[in-house]
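See structure below.
There are 2 protein chains.
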Amino acid sequence: MKCRRCEKPAAIKMPRHNSAFCDLCFRDYLHKQVMKAISDQRMFEDGQPILVAVSGGKDSLVLWDILIKRGYPTVGLHLNLGIGEYSRISQAHVEKFARSRDLELIVQSYQDDYGLGVVDIAKETARPPCSACGTMKRHHFNRIAMEKGFAVVATGHNLDDEAARLLGNLLNWQIPYLKKQMPVLSDEGGKWARKVKPLYRLPEREIAAYAVLNQIDYIIEECPMSKGAKTFLYKEMLNRLEENSPGSKLQFYLGFLKERPSAFPQQIEAETQRCASCGQPCGGDLCGYCRLIQRVGAS
Amino acid sequence: MKCRRCEKPAAIKMPRHNSAFCDLCFRDYLHKQVMKAISDQRMFEDGQPILVAVSGGKDSLVLWDILIKRGYPTVGLHLNLGIGEYSRISQAHVEKFARSRDLELIVQSYQDDYGLGVVDIAKETARPPCSACGTMKRHHFNRIAMEKGFAVVATGHNLDDEAARLLGNLLNWQIPYLKKQMPVLSDEGGKWARKVKPLYRLPEREIAAYAVLNQIDYIIEECPMSKGAKTFLYKEMLNRLEENSPGSKLQFYLGFLKERPSAFPQQIEAETQRCASCGQPCGGDLCGYCRLIQRVGAS
Chain A
1 MKCRRCEKPA AIKMPRHNSA FCDLCFRDYL HKQVMKAISD QRMFEDGQPI LVAVSGGKDS
61 LVLWDILIKR GYPTVGLHLN LGIGEYSRIS QAHVEKFARS RDLELIVQSY QDDYGLGVVD
121 IAKETARPPC SACGTMKRHH FNRIAMEKGF AVVATGHNLD DEAARLLGNL LNWQIPYLKK
181 QMPVLSDEGG KWARKVKPLY RLPEREIAAY AVLNQIDYII EECPMSKGAK TFLYKEMLNR
241 LEENSPGSKL QFYLGFLKER PSAFPQQIEA ETQRCASCGQ PCGGDLCGYC RLIQRVGAS
Chain B
300 MKCRRCEKPA AIKMPRHNSA FCDLCFRDYL HKQVMKAISD QRMFEDGQPI LVAVSGGKDS
360 LVLWDILIKR GYPTVGLHLN LGIGEYSRIS QAHVEKFARS RDLELIVQSY QDDYGLGVVD
420 IAKETARPPC SACGTMKRHH FNRIAMEKGF AVVATGHNLD DEAARLLGNL LNWQIPYLKK
480 QMPVLSDEGG KWARKVKPLY RLPEREIAAY AVLNQIDYII EECPMSKGAK TFLYKEMLNR
540 LEENSPGSKL QFYLGFLKER PSAFPQQIEA ETQRCASCGQ PCGGDLCGYC RLIQRVGAS
């Protein structure tokens with residue numbers, strides 16, 4: 001099979017485009033998809049330093065790789081979640097990536113810094129581990145971005161992640177989540193760091209292929225705490241759809257982005273409150289993170 | 300395993316209720332679900348004669364059976380779609396059901412009455428057969444109801460049908476279809492017959508079990524024209540979900556019914572137009588059915 005663009009031997013099949021690309025044309029295509037996401041959603045302002053959240057998985061390392069190659073000023077941020085061997089290997093991948101490219105990396109460890117890892121939280125509270133982990137990550141991304149003066153945090157969420165989250169929100173009619181599921185979460189006039197997802201147009205499969213073709217080493221195992229998470233079921237359902245009609249996953253997610261403002265409009269909220277404990281913006285008196293920490297402390 | 304209600308030996312497991320029923324308690328449960336659907340959605344007015352569309356499949360025959368047993372005045376309507384052996388067997392099942400219970404049945408044949416079956420339409424137009432067949436059925440249900448003076452037509456659409464249609468409409472963001480996907484389609488002040496779906500709370504599996512337990516013979520084969528229809532894919536995706544979390548399918552559909560008025564509100568339409576050819580209400584000059592017939596005539 002030949003590359004659709006340059007007719008050299010193809011390195012990857014692209015069923016959703018009914019074609020194939022060689023190594024270089026695939027890289028070019030993937031970069032263009034990321035640049036399109038950044039410009040369509042106005043993710044960054046010129047020269048603005050970006051805090052890239054890197055877990056050690058393929059998505060966030062590929063994202064960091066592309067942002068550097070496109071000339072964006074970045075600093076990496078790795079949170080060690082305190083999930084035994086899995087966290088140790090994840091951190092090693094991130095450190096290797098940063099060292100080999102001479103990049104600035106901030107590493108914070110839940111266990112060392114706060115004496116509390118995701119495993120402890122999951123043990124102590126009745127919340128599903130992925131949900132508690134998400135709350136903790138959001139808090140620390142926000143805190144570190146504010147402390148270090150970053151106006152924007154980029155995460156490696158890909159098309160499969162976003163489409164699966166969307167399917168789950170629709171199957172359960174989670175209206176508040178549907179109202180705010182977007183590739184850019186606003187900084188509300190500088191009150192907190194803006195969150196952006198530059199990989200939202202790219203499926204997992206293409207990101208993994210890019211990682212392999214560009215010699216990016218990443219942790220392949222899924223997080224051991226995520227076993228049985230509903231997101232895998234939603235991904236499986238959407239993969240079945242994609243297999244039947246290549247391109248459906250992107251069409252589903254882009255269709256939502258188009259229809260969201262009229263179907264699930266965001267309320268214009270009054271002044272966002274500040275958490276009485278940590279000072280981060282939140283909906284009530286205490287933010288989700290501080291309530292979690294309080295519950296663990298009390299148990 | 301014992302019946303949850305009366306402790307006699309169970310005849311059917313109910314994973315979504317984490318229990319099991321004997322023959323009689325299952326029948327009672329199923330009837331109650333239908334009566335709940337009828338009353339929640341105000342489907343019928345007292346004593347109003349109901350035209351029941353019966354294909355010969357399990358759903359419509361079970362629906363007819365329940366409506367009779369609950370004392371509703373009904374007349375059956377069977378459309379022979381002109382799909383060879385499949386249509387012959389379907390009609391035989393409907394006639395046997397009506398004859399054995401001494402019920403009034405109207406049979407109309409596309410081929411005999413109009414010289415045109417679904418097979419011809421599918422051959423002559425580029426439309427998927429299920430879509431053309433749906434348009435034809437809607438037209439004839441409406442026409443016959445108006446001619447014979449029925450204010451309401453009941454169809455056997457079940458929970459799997461409605462949830463699959465909903466999933467397809469969401470995956471493709473078919474907003475006009477989402478706005479009008481309901482278990483009751485209004486008669487717009489008597490302009491046309493009201494369409495109701497009293498089985499919308501019941502999954503296929505429970506309806507099939509009811510048919511077997513109540514000795515209702517039905518055509519088991521799927522329509523040969525429906526091969527490859529997307530609805531089977533959507534049903535498969537939802538069955539995977541249901542297997543993982545029993546009850547999810549109903550929760551998905553009922554959640555939609557609750558959220559539909561705010562997420563996908565119906566526009567208040569100006570005076571509905573009448574089709575210039577057949578006189579049925581429609582959106583433009585010619586209704587979908589008459590455009591279909593015209594296209595086949597012109598080819």
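If you read the sequences in order, they're chains A and B.
If you're matching positions, the first sequence starts at 1 in my numbering and goes up one per residue.
If you're matching positions, the second sequence starts at 300 in my numbering and goes up one per residue.
Where is the CB? At the ideal position from N, CA and C, for every residue including glycine.
Interface partners of Glu535 (chain B) on chain A, CB under 8 Å
Arg240
Using only CA atoms, which one of A:Tyr289, A:Phe264, A:Gly284 lies nearest to Leu178 (chain A)?
A:Phe264
Can you find a C-beta in chain B that's less than 8 Å from the C-beta of Ala164 (chain A)?
no
Interface residues of chain B around Ile175 (chain A) at Cβ under 9 Å?
By Cβ distance, chain B contributes Glu558, Ser561, Ala562.
Contacting positions in the region 17-49 of chain A - beta carbon closer than 7 Å to chain B
none
Residue of A:Pro128, A:Lys148, A:Gly297 minimising C-alpha distance to Thr74 (chain A)
A:Lys148
Under 7 Å Cβ to Cβ from Ala163 (chain A), same chain only, skipping five residues before and after it: list those, please.
Leu238, Lys249, Phe252, Tyr253
Would you identify the three-state DSSP class for Asn172 (chain A), choosing helix, strand or coil?
Under the three-state reduction of DSSP output, Asn172 (chain A) falls in the coil class, being neither helix nor strand.
Counting Cβ pairs, one atom from each stretch, are 3 or more of them under 8 Å apart for the region 157-171 of chain A and the region 225-244 of chain A?
Contact between the region 157-171 of chain A and the region 225-244 of chain A is present: three or more C-beta pairs spanning the two stretches fall below 8 Å.
Got a sec: is the Cβ-Cβ distance from Leu532 (chain B) to anything in chain A below 8 Å?
yes
Range covered by the alpha helix (DSSP H) that runs through Arg387 (chain B):
383-400
Thr434 (chain B): first and last residue of the uninterrupted alpha helix (DSSP H) it sits in:
428-447
Within the same chain, show all residues whose beta-carbon is closer than 7 Å to that of Gly117 (chain A), passing over the 5 residues directly before and after it, in chain order.
Cβ neighbours of Gly117 (chain A) beyond the five flanking positions: Leu81, Gly82, Ile83, Tyr110, Gln111.
Beta-carbon proximity check, Leu498 (chain B) vs Ala310 (chain B), cutoff 8 Å
no
Beta-bridge pairing of Met313 (chain B) - partner residues as DSSP gives them:
Answer is B:Ser318, bridged to Met313 (chain B).
Secondary structure at His377 (chain B), three-state DSSP: helix, strand or coil?
strand
Could you pull the start and end residues of the alpha helix (DSSP H) that Leu116 (chain A) belongs to?
Unbroken run through Leu116 (chain A): none, as it is neither H nor E.
The region 445-469 of chain B: positions lying closer than 7 Å to chain A by Cβ:
Leu469
Hey, could you find the ends of the beta strand (DSSP E) Gln108 (chain A) is sitting in?
Membership of Gln108 (chain A) in the beta strand (DSSP E) is indicated by the continuous run 105-109.
Quick test of the definition: if touching needs 3 or more C-beta pairs under 8 Å, does the region 89-107 of chain A touch the region 51-59 of chain A?
Three or more Cβ pairs closer than 8 Å define a contact, and the region 89-107 of chain A meets that threshold against the region 51-59 of chain A.
DSSP three-state assignment for Arg291 (chain A), whether helix, strand or coil
helix
Distance check for Gln294 (chain A) and Thr125 (chain A), CA to CA, integer angstroms please.
Going from the Cα of Thr125 (chain A) to the Cα of Gln294 (chain A) covers about 10 Å.
What would DSSP say about Ile50 (chain A), mapped onto helix, strand or coil?
strand
Opening and closing residue of the alpha helix (DSSP H) in which Ala508 (chain B) lies
Where Ala508 (chain B) is concerned, the enclosing alpha helix (DSSP H) stretches over 503-512.
Can you name, in chain order, every residue of its own chain whose Cβ lies under 7 Å from the Cβ of Ile518 (chain B), other than the five neighbours on each side?
Gly355, Gly356, Ile388, Ser389, His392
Looking at chain B, is there any beta carbon in it that lies within less than 8 Å of the beta carbon of Ser248 (chain A)?
yes
Would you mind sorting Glu505 (chain B) into buried or exposed? The rule is 16 or more other CB atoms within 10 Å of its CB.
buried
Asp364 (chain B), buried or exposed, once every other Cβ within 10 Å from all chains shown has been counted against 16:
buried
Using 8 Å as the Cβ pair cut-off and three pairs as the minimum, do the region 576-590 of chain B and the region 428-446 of chain B touch?
yes
Who are the near neighbours of Pro231 (chain A) in its chain, counting only those whose CB is closer than 8 Å to its CB and skipping five residues on each side?
It is Thr, not Pro, that sits at residue 231 (chain A) in the sequence shown. The residues are Cys130, Asp161, Ala164, Arg165, Gly168.
Quick one: what's Cys581 (chain B) bridged to in DSSP?
B:Gln572
For Gly247 (chain A) and Ser576 (chain B), the rounded distance between their alpha carbons
40 Å
Is DSSP giving Pro308 (chain B) helix, strand or coil here?
strand
Can you give me the C-alpha to C-alpha distance between Leu378 (chain B) and Ala528 (chain B), rounded to a whole angstrom?
21 Å
Please name the residue in B:Leu585, B:Leu540, B:Gln407, B:Glu403 whose C-alpha comes closest to that of Ser386 (chain B).
The shortest Cα separation from Ser386 (chain B) among B:Leu585, B:Leu540, B:Gln407, B:Glu403 belongs to B:Gln407.
So the beta strand (DSSP E) Arg493 (chain B) belongs to, where does it begin and stop?
493-495
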